[in-house]
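Peer 1: Numbering (mature numbering (1 follows the signal peptide of the UniProt record, and there is no 0)), first residue to last: -20 to -1, 1 to 341. Quick reminder that beta carbons are idealized off the backbone N, C-alpha and C, glycines included. Can you read through this structure? Questions will come right after.
Laid out in structure tokens, this is it:
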């Protein structure tokens, strides 16, 4: 009997020791922590963030900044019942493993930003591991791959920040069964196109940010299922046209940004489907008849042009007079585009326009 008790005790000790040894994510990492009454304190962490590390103090928020954390390994954050937010900012995180977060039932916000993260595997964020997750901020990394179902079945997930990464495509399969999304930020990536039915599953979407990419094509039914948006950003891309087949029959946008593309026209069929309260559209090579059409559309829809003060120049042309026609033709006018680009180049010689204001140089 005594021998059996010793064996059991030995196994328990070894199990706990192995568990402690398996977690090596943090090596003397200084964290800013907040308890349940809002009191903040600092603590150096070794191994993992777990309840027992903080004694009788209940931690609800954990912030880490300017530390060296190459990998968030398995169980990096575990058994933290009341933790609502965890942030790793400028910590050189290169990798995150499956089950990096475990038994964190109240975790609402995860930030891993300004790091070196290259991929997002599935098994990090899902209903079983992060059931109350509302916001994921993975901006300013080097992410070029996201596995399908990486954000799986999280009914609470509303805000995803993936801007300033190296993604070349969007896949709705990343968010399988996470249909409550309201904000998707993919600005400053390398996206080439918006695929068909890109946002059909997300009926609560209010904010889609696709600015500053390499998008040259918006596929048929790309925005199918979307009805009202606070913000739709397509600025600073390589669009030469927008097709009415990409949009639902009615789409109302509070702020529509299409500035700094290669657009020379918007067809009547597109304008019939869209209503914009405000639109930013400068630094496109609009032909003048087509710009008149857009202005009339804004007039009848009670919309207005919103100018960016940082990019406003009184001597920058708003449109180009096309050759051989006085009407708006619903096709890309390459001659008008080249004429506009040459004018901008001439102006840049004496009064340079910020590269942040336009796509072409």
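1. Going by the CB atoms, is the gap between residue 286 and residue 300 shorter than 8 Å?
2. Would the stretch 117 to 130 count as touching the stretch 90 to 108 if we require 3 or more Cβ pairs under 8 Å?
3. Going by C-alpha to C-alpha distance, which of 144, 174, 191, 181 sits closest to residue 161?
4. Which runs of the alpha helix (DSSP H) fall wholly inside the stretch 234 to 266 and span at least 4 residues, in chain order?
5. Among residues of its own chain, excluding the 5 on either side of residue 310, which ones have a beta-carbon nearer than 7 Å to its beta-carbon?
6. For residue 131 versus residue 155, is the C-beta distance shorter than 8 Å?
7. For residue 326, does the three-state DSSP call read helix, strand or coil?
8. Determine whether the beta carbon atoms of residue 195 and residue 165 lie at a separation below 8 Å.
9. Using CA coordinates, which residue listed in 315, 97, 236, 250 is at the minimum distance from residue 226?
10. Along the chain, where does the beta strand (DSSP E) that runs through residue 169 open and close?
11. Inspect the beta-carbon positions of residue 207 and residue 175 and report whether they are closer than 8 Å.
12. Let me make sure I understand the geometry here. Which of 140, 172, 159, 158 has the alpha-carbon closest to that of residue 188?
13. Which class does residue 159 belong to by DSSP, given the choice of helix, strand or coil?
14. Just to confirm before moving on: does the CB-CB distance between residue 88 and residue 64 stay below 8 Å?
15. Does residue 357 come out as helix, strand or coil in the three-state DSSP assignment?
16. Within a Cβ cutoff of 8 Å, which residues of the same chain sit near residue 1, ignoring the five residues on either side of it in sequence?
17. May I have the straight-line CA-CA distance separating residue 427 from residue 76, to the nearest angstrom?
18. Assuming residue 210 contacts residue 186 under a Cβ cut-off of 8 Å, what Cβ separation, rounded to an integer in Å, is found between them?
19. Tell me which residue opens and which closes the alpha helix (DSSP H) that residue 272 is part of.
Peer 2: On the basis of the coordinates in this document:
1. Reading the chain shown from its first residue, position 320 is the one you call residue 300. Reading the chain shown from its first residue, position 306 is the one you call residue 286. No, the Cβ-Cβ distance between residue 300 and residue 286 is not below 8 Å.
2. yes
3. In the chain shown, residue 161 corresponds to position 181, counting from 1. Here the closest residue by C-alpha is 181.
4. 248 to 253
5. Start at 1 with the first residue of the chain shown, and residue 310 comes out as number 330. Contacts found: 245, 247.
6. Along the chain shown, one-based indexing puts residue 131 at 151. Along the chain shown, one-based indexing puts residue 155 at 175. A contact, by the Cβ cut-off of 8 Å.
7. Taking the chain shown and counting its residues from 1, the one referred to as residue 326 is at position 346. Here residue 326 sits in helix by DSSP.
8. In the chain shown, residue 195 corresponds to position 215, counting from 1. In the chain shown, residue 165 corresponds to position 185, counting from 1. Result no, Cβ atoms of residue 195 and residue 165 do not sit closer than 8 Å.
9. On the chain shown, position 246 is the one that residue 226 refers to. For residue 226, the nearest C-alpha among the options comes from 250.
10. Numbered from 1 along the chain shown, position 189 holds the residue referred to as residue 169. Per DSSP, residue 169 belongs to no beta strand (DSSP E) and is neither H nor E.
11. Here the question's residue 207 lines up with position 227 in the chain shown. Here the question's residue 175 lines up with position 195 in the chain shown. Between residue 207 and residue 175, the gap from beta carbon to beta carbon reaches 8 Å or more.
12. In the chain shown, residue 188 corresponds to position 208, counting from 1. Looking at the Cα atoms, 140 is the closest of the given residues.
13. Position 179 of the chain shown holds residue 159. Reduced to three states, the DSSP call for residue 159 is coil.
14. To locate residue 88, count along the chain shown from 1; it is residue 108. To locate residue 64, count along the chain shown from 1; it is residue 84. Going by C-beta atoms, residue 88 is nearer than 8 Å to residue 64.
15. Only positions -20 to 341 of the chain appear in this structure, which leaves residue 357 out of reach.
16. Locating residue 1 in the chain shown gives position 21, counting from the first residue. Unreliable placement is indicated for residue 1, whose pLDDT of 46 sits below 50; no coordinate value is reported for it.
17. There is simply no residue 427 to check, as the chain begins at -20 and stops at 341 in what is shown.
18. Position 230 of the chain shown holds residue 210. Position 206 of the chain shown holds residue 186. Sure, about 5 Å apart at Cβ, within 8 Å.
19. The residue given as residue 272 occupies position 292 in the chain shown. 268 to 280 is the extent of the alpha helix (DSSP H) around residue 272.
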